[in-house]
Amino acid sequence: MAAPLGIGRALFGIVVILAAACAVAHGHDPLAQAVVDAVAVPPPKTPRQLLDAAITTNDVEAFDASIGYWKQLVQALADAGEGRNDLLADLGDRVDPGALRRLERTLGPRDPEVVPVVQAILEAAALRRRDPKELARTIEDLRSDSPQTRLAATDRLGRTGLDALPALVDLLQSTDPEGARARNIARGLVRDLGVDARRVLVAWLGSPDIDHWPGVITALDALEDDEVAAFFLAPALAEGVPPLARSRALTALEHHARRCGEDDAAWQPPTDRKSTRLNSSHEWISRMPS
Numbered sequence: 004m005a006a007p008l009g010i011g012r013a014l015f016g017i018v019v020i021l022a023a024a025c026a027v028a029h030g031h032d033p034l035a036q037a038v039v040d041a042v043a044v045p046p047p048k049t050p051r052q053l054l055d056a057a058i059t060t061n062d063v064e065a066f067d068a069s070i071g072y073w074k075q076l077v078q079a080l081a082d083a084g085e086g087r088n089d090l091l092a093d094l095g096d097r098v099d100p101g102a103l104r105r106l107e108r109t110l111g112p113r114d115p116e117v118v119p120v121v122q123a124i125l126e127a128a129a130l131r132r133r134d135p136k137e138l139a140r141t142i143e144d145l146r147s148d149s150p151q152t153r154l155a156a157t158d159r160l161g162r163t164g165l166d167a168l169p170a171l172v173d174l175l176q177s178t179d180p181e182g183a184r185a186r187n188i189a190r191g192l193v194r195d196l197g198v199d200a201r202r203v204l205v206a207w208l209g210s211p212d213i214d215h216w217p218g219v220i221t222a223l224d225a226l227e228d229d230e231v232a233a234f235f236l237a238p239a240l241a242e243g244v245p246p247l248a249r250s251r252a253l254t255a256l257e258h259h260a261r262r263c264g265e266d267d268a269a270w271q272p273p274t275d276r277k278s279t280r281l282n283s284s285h286e287w288i289s290r291m292p293s
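Residues are numbered in the working numbering as their position in the sequence shown, beginning at 1, plus a constant of 3.
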């Protein structure tokens, strides 16, 4: 058995030497060449496979290979005809924007087709995600019993950014017990939007759109930003505020009290008539700084 083992080791050594020599010939280190070789088998054919191959080889600085896959992708997009925009949006939905930005930075100076195509992919995906029908479908996916479906919907809404806020507010407006899990995800998405969401929500709360106050208040509460606590006072105290909006505002103030280290029952609404007669809560809010 010793002789066959010795021959096998010798052959393996020869393969390693040849791979290293090939890597040197192509200007790649052995690890990069191994990635290039792995990506090439089987050869990428679909637009998604070609884009993944371009990204993978770019990430190991095998730029010649990456540009080769990119040119094939550009040709596939040209061959798509009227389906080009849908194909661009599909690619943008399924690929990490950060990976596309890396391609833009590293391959852009090497190939003039890279930057405009990357921009087209990102813009097509963004347009699709902002489409009201697409947003409605994605929000509905948050209610799915499938963890994979919910995760994909969360990712799409996260990428949509501030444009998803109205749809998230509508979801937070709902009260059905079955939607509790989806609303919890929505709160996290709103919190991730941070100060940009705060500006929009505060302006919305100061608008005549009182019907949406419950969802807007819940979204503001989700930010866990104690600077907005004062904006909950008017809907909590003013006369004529819809019961659900008042309830949401009181809950938000209780959350604020707990974050400030007070016990659950620490915050109580004022009882004097002057405080409770904020008959025009819209005007009161609009006078506050944003």
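All C-beta atoms, glycine included, are put in the ideal place defined by N, C-alpha and C. Computed from a predicted model, the values in this text were never measured in an experiment.
Counted within 10 angstroms of its Cβ, other Cβ atoms place residue i as buried (16 or more) or exposed
i: glutamate 242; result: exposed
i: alanine 56; result: buried
i: proline 150; result: exposed
i: alanine 139; result: exposed
i: asparagine 187; result: exposed
i: leucine 302; result: With the chain covering 4 to 293 only, the question about residue 302 has no answer from this structure.
i: leucine 1; result: The structure shown has nothing for residue 1, since the chain only spans 4 to 293.
i: alanine 28; result: Confidence at alanine 28 is low in this model, with a pLDDT of 46, below 50, so its placement is unreliable and the value that follows should be read with caution. Alanine 28 should be labelled exposed.
i: glutamine 122; result: exposed
i: arginine 108; result: exposed
i: arginine 190; result: buried
Under 8 Å between C-beta atoms of residue i and residue j
i: alanine 156; j: leucine 145; result: yes
i: leucine 53; j: leucine 76; result: yes
i: tryptophan 73; j: aspartate 114; result: yes
i: leucine 160; j: threonine 141; result: yes
i: glycine 86; j: isoleucine 124; result: no
i: leucine 236; j: valine 219; result: no
i: alanine 255; j: aspartate 224; result: yes
i: alanine 127; j: alanine 81; result: no
i: leucine 200; j: alanine 185; result: The sequence shown places alanine at residue 200, not leucine. Result no, Cβ atoms of alanine 200 and alanine 185 do not sit closer than 8 Å.
i: arginine 251; j: aspartate 229; result: no
i: arginine 133; j: arginine 162; result: no
i: proline 238; j: tryptophan 207; result: no
i: threonine 59; j: valine 42; result: yes
i: phenylalanine 66; j: leucine 103; result: no
i: proline 245; j: isoleucine 213; result: yes
Beta-carbon proximity list for residue i, same chain, < 6 Å, skipping 5 on both sides
i: valine 38; result: Val63
i: asparagine 88; result: Ala127
i: alanine 129; result: none
i: threonine 152; result: Asp144
i: alanine 68; result: Val39, Thr60
i: leucine 253; result: Ala239
i: glutamate 137; result: Arg131
Delimiting residues of the alpha helix (DSSP H) encompassing residue i
i: glutamate 257; result: 246-262
i: serine 69; result: 66-82
i: leucine 145; result: Unbroken run through leucine 145: none, as it is neither H nor E.
i: proline 217; result: 216-225
i: glutamate 107; result: 100-110
i: glycine 95; result: 87-97
i: alanine 196; result: The sequence as given places leucine at residue 196; alanine does not occur at that position. Element bounds for leucine 196: 183-196.
i: glutamate 126; result: 117-133
i: aspartate 173; result: 168-176
i: isoleucine 58; result: 50-62
i: aspartate 229; result: Unbroken run through aspartate 229: none, as it is neither H nor E.
i: proline 33; result: 33-42
i: leucine 240; result: 236-240
The ligand FMN heavy atom lying under 7 Å from the CB of residue i
i: threonine 152; result: With respect to the ligand FMN, the structure offers nothing, as it holds no ligand at all.
Minimum Cβ-Cβ distance from residue i to chain B less than 8 Å
i: leucine 91; result: Of the protein chains in this structure there is only one, and it is not chain B.
Close beta carbons around residue i, own chain, < 8 Å, minus the five adjacent residues each side
i: alanine 232; result: Ala255, Leu256, His259
i: glycine 182; result: Arg146, Leu174
i: arginine 97; result: Arg51
i: leucine 192; result: Thr157, Leu160, Gly161, Ala167, Leu171
Residues near residue i in its chain [Cβ-Cβ closer than 7 Å; skip 5 each side]
i: alanine 79; result: Pro50, Leu53
i: valine 172; result: His215, Gly218, Val219, Ala222
i: aspartate 148; result: none
i: glutamine 176; result: His215, Pro217, Gly218
i: alanine 83; result: Leu90
Using 8 Å as the Cβ pair cut-off and three pairs as the minimum, do the stretch 154-171 and the stretch 195-207 touch? Under the 8 Å Cβ criterion, the stretch 154-171 counts as touching the stretch 195-207, having at least three qualifying pairs.
Three Cβ pairs or more, each shorter than 8 Å: is that satisfied between the stretch 110-123 and the stretch 42-49? Contact between the stretch 110-123 and the stretch 42-49 is absent, because fewer than three Cβ pairs lie under 8 Å.
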